[in-house]
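Down below is the structure, laid out as structure tokens.
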Amino acid sequence: MIDSRNPDGGSGSSGQAVGGVTPVRLRRLELHDCTSLGEDVMRWLESRVTEVICSEPAVDRSPLVHPYL
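Numbering (the working numbering), first residue to last: -1 to 67.
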């Protein structure tokens, strides 16, 4: 998705037209629970999207803890 909407080439280039429609560049990308993403992935995302936001979960989502108990 990022490659299609924000191809390499700076902020002036837009995505490839498909069916006569050209996708709009992403200016902001918000990722939830992204602790497993590596530093190289984050660097690549930040090179394509102006604002990349990583938010961490408010509570522990351990599979050993049932949410209704």
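Using N, Cα and C, we set each Cβ at its ideal position, and we do this for glycine too.
Classification of residue i by the beta-carbon crowding that lies within 10 angstroms, buried from 16 upward
i, result
"V22", "exposed"
Rounded straight-line distance, which links the Cα of residue j to that of residue i
i, j, result
"R41", "L29", "14 Å"
"C32", "E49", "15 Å"
"R3", "V19", "12 Å"
"C52", "G17", "33 Å"
"D38", "M(-1)", "18 Å"
"L71", "L35", "This structure cannot speak to residue 71, because the chain is shown only from -1 to 67."
Candidates the options: closest to residue i by CA position
i, options, result
"L27", "T20, R46, G18", "R46"
Counterpart residues of residue i in DSSP-defined beta bridges
i, result
"S53", "H30"
Own chain, CB closer than 6 Å to residue i, minus 5 neighbours either side, in chain order
i, result
"L43", "V50"
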